[in-house]
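Which chain is which? The protein sequence lines are X and P, in order.
For the first sequence, this note's numbering begins at 27 and goes up steadily by one.
For the second sequence, this note's numbering begins at 27 and goes up steadily by one.
Ideal Cβ placement from N, Cα and C applies to all residues, glycine included.
2 protein chains.
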Amino acid sequence: MNKEHLFEHIKEKQSFLCIGLDTDLKKIPEHLLKEDDPGFIFNKEIIDATHDLCIAYKPNLAFYESLGAKGWLTFEKTIKYIRTHYPDIFIIADAKRGDIGNTSAMYAKSFFEEMNVDALTVAPYMGEDSITPFLNYPEKWVILLALTSNKGSKDFQFFTNEEGQHLFEKVLQKSQEWADDQQMMYVVGATQGRMFEDIRKIIPNHFLLVPGIGAQGGSLEEVCKYGMNRQCGLIVNSSRGIIYADNSENFALSARNAAEKLQKAMEKELKNIME
Amino acid sequence: MNKEHLFEHIKEKQSFLCIGLDTDLKKIPEHLLKEDDPGFIFNKEIIDATHDLCIAYKPNLAFYESLGAKGWLTFEKTIKYIRTHYPDIFIIADAKRGDIGNTSAMYAKSFFEEMNVDALTVAPYMGEDSITPFLNYPEKWVILLALTSNKGSKDFQFFTNEEGQHLFEKVLQKSQEWADDQQMMYVVGATQGRMFEDIRKIIPNHFLLVPGIGAQGGSLEEVCKYGMNRQCGLIVNSSRGIIYADNSENFALSARNAAEKLQKAMEKELKNIME
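Structure below.
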């Protein structure tokens, strides 16, 4: 999916919401545990209840891997289900991969050919040849970690050179040599507040994947105020706040309500760029 | 496995060799492809032929993930096979994971509880709370990326602050606040040559996992000269140079010969610290 296509979907749905499918068998409603593949049934019900309110789903691989091969099957079935029933949805595999060239090429094959997701989160530490193998797939996206939402983001991402440039700014700057805003996005945490202003000076046009709304405490209003551009430029993720809104038998409806609340807030924010 | 235990194995086997199980169905001998699980059979034969010459195996997850759930089964079977037949072998899952706290905790559960590997490679970019969840398992190890073997290591790992400290040095320094040399090791590429001297000034006692010998061009002699400490302190990995030494029906014997050549060279190097 290219950038224009993505923006079209955002306008149609009046939403730039991504729902994180961080599916944890310890947190899903108990009545699902008697199913053959409880994780998949949970995802299916969440997806059926929310697909018109969001533009993207983002399964985090950690939650699937923790169940071994069985978890991978759940992951694969979930991707297939979205592709078959809701082909316009943008699918992000949140995997934070990155390795030496020949190994990154294997990861790229896995996610872009076998799984056929639209985008993959990638960690920048190993540099150019760990990232470029993911760029050999037209209309597939690398979402590079830049400034993450967690407390530990302070440990290395703000490491500063003698010109006052932070590491995350170096990542933003350097990575533009490898791909443009049609193949690369960046992770910037909602908890980073006004840093969005500085980031937009370096990458005015790129889409940002923004985690950290909800459970992690980030504010949608602030993110939009400092981070939105004329093609929206934001995919805002919520995981736990939506999928675990309620763990009764009504979980899917509660997830829908939580997603709708965010979608309404996004609709309001989008008015600022629609004339 | 603790550090002393690891050093005991190194002395017994006169080897600090790790064999990288980067098992790629496109590269393994053709006659194996008719098997039900060719990747597992390949690994099993390599392991049976080399286990007395090495102290560790390091499957890289990318090669297994590229086959989806099926590949995960191959990975799981390989770990179980090593655990059952060669219980003294140190198993490193080369996965380069790292995510926000609750997600890293899921990865830790996956690799240290479900898979029961001894060590996991972790990427440092997201900082403390992305790494500490892996440290809740006694005698399990985090192997943190510090200075990698690839060309792209130059892009960010040498980013330098105003005191002249490089990012990888900051990673070495800061991470010592989180764990000592009984729970943490570092990845330092064999291609980094004399940098080992500087690294040993910061972490004299830690074990280093050293990829980049062989296909990537690093030198064992140089690594030992600048990187070895009194408890060896090195686990040197070779993947392609051993497992793909030959792709005829004799592949396992050829792998043994390639591994033996390295083991002999290591035996010679170990003499320098044995009195």
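Item	Value
Anticipated Cβ contact below 8 Å, residue 219 of chain P with residue 234 of chain P, distance rounded	Not quite, the Cβ-Cβ distance comes to about 14 Å (not below 8 Å), so this is no contact.
Sufficient close CB pairs (3 or more, under 8 Å) joining the region 235 to 250 of chain X to the region 192 to 201 of chain X	no
Partners in chain P for residue 140 of chain X, counting only beta-carbon separations shorter than 7 Å	92 and 94
Burial state of residue 91 of chain X (16 or more Cβ within 10 Å)	buried
Inter-residue spacing [alpha-carbon to alpha-carbon] between residue 188 of chain X and residue 184 of chain P	13 Å
Residue 63 of chain X versus residue 51 of chain X - alpha carbon distance	10 Å
Within 9 Å, strictly: CB atoms of residue 82 of chain X and residue 115 of chain X	yes
Proximal chain X residues relative to residue 133 of chain P, where beta-carbon distance stays under 9 Å	87, 88, 91 and 92
Outcome for residue 154 of chain P when other beta-carbon atoms lying within 10 angstroms are tallied against a minimum of 16	buried
Three CB pairs or more closer than 8 Å across the region 64 to 75 of chain X and the region 253 to 265 of chain X	no
One or two residues paired with residue 142 of chain P in a DSSP bridge	For residue 142 of chain P, which the question treats as bridged, DSSP gives no partner whatsoever.
Rounded C-alpha distance that separates residue 202 of chain P from residue 227 of chain P	13 Å
With 16 other Cβ atoms within 10 Å as the buried cut-off, status of residue 46 of chain P	buried
Residue of P:120, P:127, P:124 and P:160 minimising C-alpha distance to residue 138 of chain P	P:160
Partner residues on chain P for residue 197 of chain X, Cβ-Cβ distance less than 8 Å	182
Start-to-end residues for the alpha helix (DSSP H) that takes in residue 46 of chain P	Looking at the DSSP string, residue 46 of chain P is not in any alpha helix (DSSP H); the run it does join, the beta strand (DSSP E), is 43 to 47.
For residue 264 of chain X: DSSP bridge partner residues	X:45
Meets three-Cβ-pair contact criterion under 8 Å: the region 127 to 135 of chain P and the region 105 to 119 of chain P	no
9 Å Cβ cutoff, residue 64 of chain X in contact with chain P	no
Boundaries (first-last residue) of the beta strand (DSSP E) holding residue 122 of chain X	116 to 123
Endpoints, beta strand (DSSP E) assigned at residue 72 of chain X	No beta strand (DSSP E) contains residue 72 of chain X, which is instead part of the alpha helix (DSSP H) from 64 to 76.
Simplified DSSP assignment, three categories, for residue 88 of chain X	helix
Spatially closest choice to residue 271 of chain X from X:49, X:149 and X:30, by CA coordinates	X:49
Within chain P, the residues that residue 150 of chain X reaches when beta carbons sit closer than 7 Å	151 and 182
Selection from X:207, X:281 and X:124 that minimises the alpha carbon distance to residue 179 of chain P	X:124
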